[in-house]
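Novice: In terms of my numbering, the sequence shown opens at residue 318 and continues consecutively.
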Amino acid sequence: MSAVTMDATIILPILKKKLAFLSGGKDRRSGLILTIPLGSDQTSLEELSATLDYLLSIPSEKCKARGFTVIVDGRKSQWNIVKTVVLMLQNVIPAEVSLVCVVKPDEFWDKKVTHFCFWKEKDRLGFEVILVSANKLTRYIEPCQLTDEFGGSLDYDHNDWLSKRLVFEKFTKESRSLLDELSIINNSDKSSSTDKDKSADCGLLPTFDPETVLQTGHELLSELQQRRFNGSDGGGPGGLSWCPMEEELLAQPQVMKLLDSLREEYTRYQEVCRLRSKRSQLEEVHTRVTQVVAWLQGPGSDLLTTQQAIGDNMRAAQVLQQKHEEIESQHSEWFAVYVELNQQIAALLSGGEEEEVAELKTLQQQLSDVCYRQAAQLEGRQNVLQAAHCFHGNTQELSQHLDALLGMLCADVAPADGASIQQNLKLLEEKLQIVEAGLVSLRQKGALLLEQMCGQEEAEPPAGEQQENVQHVHAVMEEMQLRKQRCEDMVDVRRLKMLQMVQLFKCEEDASQAVDWLGELLDALLKTHVRLGDDSQETTTMLDKHRKFVDVAQSTYDYGRQLLQATVVLCQSLRCTTRSSGETLPRLNRVWKQFSVSADERQQRLELALNFHTAAEKVLQGVDQSSLDEVDASGKILLDKLTTAVMFPDGSEQYFGSPSDTAAAAEGVRERLLLVEERRLLLQEEGLHNEEEPVLNGQEAGLHVIGEEVNEKEEEEEEEEEPGVELQNEDLDRMTQDC
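#1: Given a cut-off of 8 Å, decide if L905 and A870 are closer than it, judged by their beta-carbon atoms.
#2: Rounded to whole angstroms, what is the Cα-Cα separation between L799 and G772?
#3: In the DSSP assignment, find the unbroken alpha helix (DSSP H) run with L945 in it and report its ends.
#4: Have a look at L479, F385, D472 and L404 and flag the residue whose alpha-carbon is nearest the alpha-carbon of Y457.
#5: Less than 8 Å between the beta carbons of L537 and F485, yes or no?
#6: Among residues of its own chain, excluding the 5 on either side of L1020, which ones have a beta-carbon nearer than 7 Å to its beta-carbon?
#7: From C519 to L329, what does the alpha carbon distance come to, in whole angstroms?
#8: Is the beta carbon of V963 closer than 8 Å to that of V886?
#9: Report the rounded CA-to-CA distance for C380 versus N504, giving the unit in angstroms.
#10: With 16 as the cutoff for other CB atoms within 10 Å, does E672 come out buried or exposed?
#11: My assumption, with CB atoms under 8 Å, is that L355 sits in contact with V414. Please give the rounded CB distance.
#12: R345: which of S377, R383, T533 and I375 sits nearest, CA to CA?
#13: Just reading off the alpha helix (DSSP H) that P330 is part of, what are its end residues?
#14: DSSP three-state call for E970: helix, strand or coil?
#15: What is the rounded straight-line gap between the Cα of S890 and the Cα of G755?
#16: According to DSSP, simplified to helix, strand and coil, what is T352?
#17: Here's the rule: buried if 16 or more other CB atoms are within 10 angstroms of the residue's CB, otherwise exposed. What is S943?
#18: DSSP beta-bridge partners for C771?
#19: My understanding is that H709 touches N630, with C-beta atoms under 8 Å, so please give their C-beta distance in whole angstroms.
#20: Just to check my reading of the structure: V403 and V446 have Cβ atoms closer than 8 Å, yes? What is that Cβ distance to the nearest angstrom?
#21: Compute the Euclidean distance between the alpha carbons of H641 and S618, then round it to the nearest angstrom.
#22: With DSSP as the reference, label G341 as helix, strand or coil.
#23: Between which two residues does the alpha helix (DSSP H) harbouring I662 extend?
#24: Can you tell me where the alpha helix (DSSP H) holding F822 begins and where it ends?
#25: Would V687 pass as a contact of L719 if the rule is Cβ separation under 8 Å?
#26: Measuring only the C-alpha atoms, how far is I331 from T489?
#27: By a C-beta neighbour count over all protein chains shown, 10 Å radius and 16 as the cutoff for buried, is A693 buried or exposed?
#28: Checking 8 Å against the spacing of the C-beta atoms, do A634 and I627 come in under that value?
#29: Can you find a CB in chain C that lies within less than 8 Å of the CB of G356?
#30: Could you check which residue in P527, K334, Q817 and E805 has the C-alpha nearest to that of M725?
#31: I think K343 touches I350, with their Cβ atoms under 8 Å apart; what is that distance to the nearest whole Å?
#32: So for I751, helix, strand or coil by DSSP?
#33: What do you reckon, are the CB atoms on D1061 and H930 nearer than 8 Å?
#34: Are S340 and L471 touching if we call contact CB-CB under 8 Å?
#35: May I have the straight-line CA-CA distance separating D949 from A841, to the nearest angstrom?
#36: Hey, how far is the Cα of F525 from the Cα of P570?
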């Protein structure tokens, strides 16, 4: 393989002039055809020499050994220039030239002179020079190997060839440079991996991008293979097929070999990069783990250590919570790094070696231990602050309830009635229950707070501030307990006072009710207790009922006196001087005196009526005739009593019943007196006028009829009056039971 000794980019402006070119055509001896198209202008021999040197460096030595056929196109040039160029070939390519075909213009040069001149110089030049016209050039070279300017069919684009040549040389240059660099990098990395103490230059990078160079080589190879495939289709005269230029046959295996070498070295380089990246990741992981652990155990731990207070009130606890949120925010950034590192370590563990896996697991365990421990401390601190916030909030709420209860206890109690006192007492009990429930809740919150703080103490030794926090919590709970106890004592006093006031109102109300009951008994006595009975038996029954009626009234009076006495005691206890009970006692005494006078009067009338009926019955039954005068006297006294008003101590007077009721009672007495009088007359006449007995019997029968009518009338009156009396008696019985 021939090495490229000259770079096309150096003489690119000269090559673009197309002073000479290799079209790819071959002569009958398979030698390459070198074409030198001379122009009408003066050709620079130096530029032509440089062009020839570059072109002759392209073919292989084997190809050069077959010799070149040089076509010097002098149709547009002068003879002396053509001659100079031909002579120059002797110095540039003396051994490689086999034949020089000088294409002459028609009818311009002296054939004898030119022919003789080149023939004469044949031995000295070392190659044969012939003059030939363009249309006769096919005698020496097949038309398919000639370009169109010589009447051939060979396609040649100089600009395309130059661009492909530049690509080839660029790829060759870059690939060889890249191969050298990759080899150095691979070998240096291999030596550094075997010697761990020796620091390798891990920053070595190839000058060219391997992917780009490989892509360029593949495109170039594809282009060369495509041209070779297309060039194998045609065939020239004599059965000779057209072959591409020798440089392409040389370039294709060269490109393939370079591509193979590049792929091999690039594969090694990728593995080196992978290992290098892995080592870099390990170092980065180790560095970042060290940073995370150092911060969490250093500044992060210091932040938590300095934050141990729980605050004295709810506002202070809220400020501490905000400060803790800021600390958590700082920790969150490092915890995010921990999550990222954990994922990175997990990815490295999946494809790491045994030694690397052990190191990674150690780093992972260390990182996890520190992060979880710090997270636990953060959570513990957060729980303490939340518990402190709840504790202070409960303390504030309980303090407000205690203040409200104390304000209620300090206010004067001046209710209007017992119902309002009961309402105030109920409200007082409700507030006390709220305070008790708040104190229970405070103890629970305090116990939880102490438990949370004790949990923190297990992680870290208890500091002086932590001890102060515990003492503060106990002090707050004890203070609230003392305040609650003082309020309870005051509630007990207030409750007793309010109960006494309720009892006072009740006694006053019951005493007033007793006065009303006694008034009702007096009213019933005066209005309904009028009848005196038709006989001694009925009168006796009425007298017994009257005594019971008086006993009920006496009980009512005594009950009222006891109630009033109780109000006096309660007023003295409550220090109440202006109470309505002071008016109840005179009313009670006044009604009782009226009742006593009325009851005595009623009893006298019943006793007098009993004596009257007893004596009258004896007379009428003929048992005792000597009582006639007594009957008359007692009857008159009884009639006088019925018409006499009851005189009360205050000077007022009151009659028993209505006038009709009094008249009915008096009528019964008069009728009994009439019967007694008739009995008197009858007794008187029995001794004097026995003969008049029938008449007397008739009179007696008439009196008997009159007596029956009077009795019927009295029975009717009793039937009308009795329901009212029974009703009054039932009312009195109920009143007595109530009392």
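Each residue gets a CB set at the ideal place from its N, CA and C atoms; glycine is no exception.
Specialist: On the basis of the data shown:
#1: no
#2: 29 Å
#3: L945 to L959
#4: F385
#5: yes
#6: With a pLDDT of only 48 at L1020, under the threshold of 50, the placement of this residue in the model should not be trusted, and no figure is reported.
#7: In this prediction, C519 has a pLDDT of 49, which is less than 50 and means its spatial position is unreliable; nothing more can be read from the coordinates.
#8: no
#9: 38 Å
#10: exposed
#11: Wrong, their Cβ atoms sit about 17 Å apart, outside the cutoff.
#12: R383
#13: L329 to K333
#14: strand
#15: 34 Å
#16: strand
#17: exposed
#18: For C771, which the question treats as bridged, DSSP gives no partner whatsoever.
#19: 5 Å
#20: 6 Å
#21: 13 Å
#22: strand
#23: M631 to S667
#24: G781 to T845
#25: no
#26: 21 Å
#27: exposed
#28: yes
#29: The chain inventory of the structure shown lacks chain C, comprising one protein chain alone.
#30: E805
#31: 6 Å
#32: helix
#33: Past the boundaries of the shown model lies residue 1061; the chain is included only from 318 to 1056, so the question cannot be answered.
#34: yes
#35: 31 Å
#36: 22 Å
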